[in-house]
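K.L.:
Read in order, the letters of the sequence shown correspond to residues -23 to -1, 1 to 460 in mature numbering (1 follows the signal peptide of the UniProt record, and there is no 0).
Below is the structure I would like to discuss, written out as structure tokens.
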Amino acid sequence: MKLITFELASTLVLLLLPSLTDARPAAAAASIAAVKTAPGIIELPLQRLSKRTRTRDEFLAKANFMRTKYGFDTTSTTESRSKRRRRAAGTVAMTAFQDAEYVGTISIGTPAESHSVILDTGSADLIMAADDCKGCASTTNGYSAAGSSSSASTSTSFSITYGSGDASGTLVKDNVTISGYTIASQTFASCTTMDNIVAGNISGLLGLGWQGLATSGAVPLVQALANSGDLPSKVFGFRFKSYAYDKLTSDYMTGGKMTIGGTDTSAYSGDINWVNIDASKTYWQIPLDTITVRGNDLGISADNVVIDTGTTLIGAPAAAVAAIYAQISGAAAVSLSGSSGYYSIPCSGTYNVAFTFGNVSYAIPADAFNTGQYDSSGNCLGAIFALTSSSSIGTSSSSLQWIIGDAFLTGVYSAYRFSSPAAVGFATLGSGGSAGSGSSSSSSSTDTSSNKSMTSGSTRSASSLTVYPFAFTLGLLSLILST
């Protein structure tokens, strides 16, 4: 059985190196096409779009992106939702995805066409722009049902609100391939309208949550792969690379890696600390034990914390947020375009904020907690903000209390397990990059299939590779001829 290593492209507006032979919008997806460096090992380069300047509207968009995505009220701001959506349309609304979306390549149809999709543990549907999509960029490589001999329409309409955008269309079935594995007749949404969801060469969203969360009702692609029995283990994992906001030297920087079928053992040290998820099996939802700031235990806990790779920030109840910033010298509540919930922090301060999951404390990296300068006065914003203006979370949020995004996840290796007991796991970061199947530290939460390891030297770091479709084809042809 194979272990899939899936390195991603992290950007909202994905501008990858063009193909040597093709300048169509699909070239961006092709340039990160799967490259097998050894039997069963598939690697893809990861990039991150990095902005060195930010505006108040961009931070407002990030907050409202999370609030809307999880059903929290955004009407407490001085603007109506409809007015805010009109003002945010286009560039500002789409900046909610920057530094949050990790993009990988899947192939759909017969013949197969490559598409770049955002990878998101906070949703569960595969949502694709159709080739006649309204509201998509001219460079979007849309899915063509008519161009695929394996496509089948279900005649079932589909609509969803996702953060700052909406999508609507029809559910279809077609063959979907991810890193060499194909799920036949996978159900997904082919959207003729996509408002503020994708941009540039990105074709759609690949939800990594559970089937119970899927608006379409379909088994999500990665869960279907896990159920197939073809993988070494029913686990996928992420290693995200973080940069200090003032150390960004270019628009595109090395990002990280996703693995499917196991974990990247050289990306972390020690064992993975598994924490069982909520019994509902919708979100990757776990309990938070406590929070410390500068070593002071705040006595803050929560039963329902969502781990979301598709979100930049960390959202929490207002009272908990206030308690955290009260421990940070120089922190102060601020209002962005009428939206409360953010706090300013000293740009060069010491924060030392840590979350405890499964009795293990994990610090938020200082360069991730500090989201960057947001005004001309040199003030920076903290990554933790209040989801609502009240001190507690209401029932309208379906009991979700915290949303943990990339500000925390860049400081740990995170893993997600479909097999029983289903769990989210964290581990201390290491410095390697070889693919492996991982290990478990808890006997009560051990997935024995995850102990299958790859031989050393069976994978080559994608950071040493620059791959073009044409060059890869020539290399493959040379290999065939040589044999």
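Cβ coordinates follow ideal geometry from the N, Cα and C atoms, glycine included.
In this text, all values refer to a predicted model and were calculated from it rather than measured experimentally.
Below 8 Å on the Cβ atoms is my guess for residue 151 versus residue 134; work out the distance and round it to an integer in Å.
P.N.:
About 17 Å; that fails the 8 Å criterion.
K.L.:
Which of the three DSSP states, helix, strand or coil, is assigned to residue 280?
P.N.:
Residue 280 falls in the strand class under three-state DSSP.
K.L.:
So the alpha helix (DSSP H) residue 300 belongs to, where does it begin and stop?
P.N.:
Start and end: 295 to 302.
K.L.:
Let's test the definition: count the other Cβ atoms within 10 Å of the Cβ of residue 207 and tell me whether it reaches 16, buried, or not, exposed.
P.N.:
Under this definition residue 207 is an exposed residue.
K.L.:
Determine the DSSP secondary structure at residue 439, reduced to helix, strand or coil.
P.N.:
With a pLDDT of 31 at residue 439, under the threshold of 50, the predicted position of this residue should be treated as unreliable, though the coordinate-derived value follows. In this structure, residue 439 counts as helix in the three-state DSSP scheme.
K.L.:
Per the DSSP calculation, residue 357 is bridged to which residue(s)?
P.N.:
Per DSSP, 322 and 350.
K.L.:
Buried or exposed: where does residue 111 fall if 16 or more other Cβ atoms within 10 Å of its Cβ makes it buried?
P.N.:
Label assigned to residue 111: exposed.
K.L.:
In whole angstroms, what separates the C-alpha of residue 132 from that of residue 107?
P.N.:
About 15 Å.
K.L.:
On the DSSP letters alone, give me the boundaries of the beta strand (DSSP E) that residue 262 sits inside.
P.N.:
262 to 265 is the extent of the beta strand (DSSP E) around residue 262.
K.L.:
Alpha carbon to alpha carbon, how far is residue 90 from residue 280? Give it in angstroms, no decimals.
P.N.:
For residue 280 and residue 90, the distance between alpha carbons rounds to 42 Å.
K.L.:
Excluding the five sequence neighbours on either side, which residues of its own chain have a C-beta within less than 8 Å of the C-beta of residue 283, listed in chain order?
P.N.:
Answer for residue 283: 47, 99, 260, 261, 262, 377, 379, 380 and 381, listed in chain order.
K.L.:
Is the beta carbon of residue 365 less than 8 Å from the beta carbon of residue 49?
P.N.:
Contact flag set, yes.
K.L.:
If you follow the beta strand (DSSP E) that residue 364 is in, where does it begin and where does it stop?
P.N.:
Taken as a continuous stretch (DSSP letters only), residue 364 belongs to no beta strand (DSSP E), as it is neither H nor E.
K.L.:
For the beta strand (DSSP E) containing residue 163, list its first residue and its last residue.
P.N.:
Looking at the DSSP string, the run of the beta strand (DSSP E) that includes residue 163 is 158 to 172.
K.L.:
For residue 249 and residue 385, I'd like the C-alpha separation in whole angstroms.
P.N.:
Their backbone Cα atoms lie some 16 Å apart in a straight line.
K.L.:
Where are the alpha helix (DSSP H) runs, 4 residues long or more, that stay fully inside the segment 373 to 397, in chain order?
P.N.:
For the segment 373 to 397, whole alpha helix (DSSP H) runs of length 4 or above, ordered along the chain, are 383 to 386.
K.L.:
For the beta strand (DSSP E) that contains residue 122, what are its first and last residues?
P.N.:
Looking at the DSSP string, residue 122 is not in any beta strand (DSSP E), and its letter there is neither H nor E.
K.L.:
Would you call the segment 348 to 365 and the segment 287 to 301 in contact, with 3 or more CB pairs under 8 Å?
P.N.:
Touching, yes.
K.L.:
Which residues bound the beta strand (DSSP E) around residue 91?
P.N.:
Looking at the DSSP string, the run of the beta strand (DSSP E) that includes residue 91 is 90 to 97.
K.L.:
Could you tell me the alpha carbon to alpha carbon distance between residue 296 and residue 275, rounded to whole angstroms?
P.N.:
Near 11 Å, if we compare the C-alpha coordinates of residue 275 and residue 296.
K.L.:
State yes or no: is the C-beta of residue 304 within less than 8 Å of the C-beta of residue 336?
P.N.:
Result no, Cβ atoms of residue 304 and residue 336 do not sit closer than 8 Å.
K.L.:
Closer than 6 Å by C-beta to residue 319: which residues in its own chain qualify, once you throw out the five before and the five after it? Chain order, please.
P.N.:
Closer than 6 Å at the Cβ level, and outside the excluded window around residue 319, lie 311, 313, 358 and 362.
K.L.:
Could you tell me whether the Cβ atoms of residue 233 and residue 215 are closer together than 8 Å?
P.N.:
Against a cut-off of 8 Å, the Cβ pair of residue 215 and residue 233 comes out as a contact.
K.L.:
Indicate the three-state DSSP secondary structure (helix, strand or coil) for residue 242 in the structure shown.
P.N.:
DSSP places residue 242 in helix when its eight states are reduced to three.
K.L.:
Who are the near neighbours of residue 170 in its chain, counting only those whose CB is closer than 8 Å to its CB and skipping five residues on each side?
P.N.:
Same-chain partners within the cutoff: 110, 111, 112, 143, 144, 145 and 146.
K.L.:
Quick one: using the 10 Å Cβ neighbour count with 16 as the cut-off for buried, is residue 355 buried or exposed?
P.N.:
With fewer than 16 other Cβ atoms within 10 Å, it is exposed.
K.L.:
Can you look up residue 49 in the DSSP assignment and give me helix, strand or coil?
P.N.:
The answer is coil: DSSP assigns residue 49 none of H, G, I, E or B.
K.L.:
When DSSP builds the beta bridges, which residues end up paired with residue 332?
P.N.:
DSSP lists 268 and 339 as partners of residue 332.
K.L.:
Sorted by chain position, which residues of the same chain lie with C-beta nearer than 6 Å to residue 137's C-beta, five sequence neighbours on each side aside?
P.N.:
Contacts found: 144 and 192.
K.L.:
Distance check for residue 205 and residue 267, CA to CA, integer angstroms please.
P.N.:
Rounded to whole angstroms, residue 267 to residue 205 spans 37 Å at the Cα level.
K.L.:
Once you ignore the five residues that flank residue 224 on each side, which residues in its own chain have a CB closer than 8 Å to its CB?
P.N.:
For residue 224, the predicted structure reports a pLDDT of 49, less than 50, and the residue's modelled location is therefore unreliable. The matter cannot be settled from this model.
K.L.:
Alpha carbon to alpha carbon, how far is residue 128 from residue 122? Give it in angstroms, no decimals.
P.N.:
So the two alpha carbons sit approximately 6 Å from each other.
K.L.:
Quick one: grab the DSSP three-state call for residue 152.
P.N.:
Here residue 152 sits in strand by DSSP.
K.L.:
What would DSSP say about residue 205, mapped onto helix, strand or coil?
P.N.:
Helix at residue 205.
K.L.:
Leaving out five residues before and five after residue 83 in sequence, what residues of the same chain have Cβ atoms less than 7 Å from its Cβ?
P.N.:
92, 94, 153, 154, 155 and 183.
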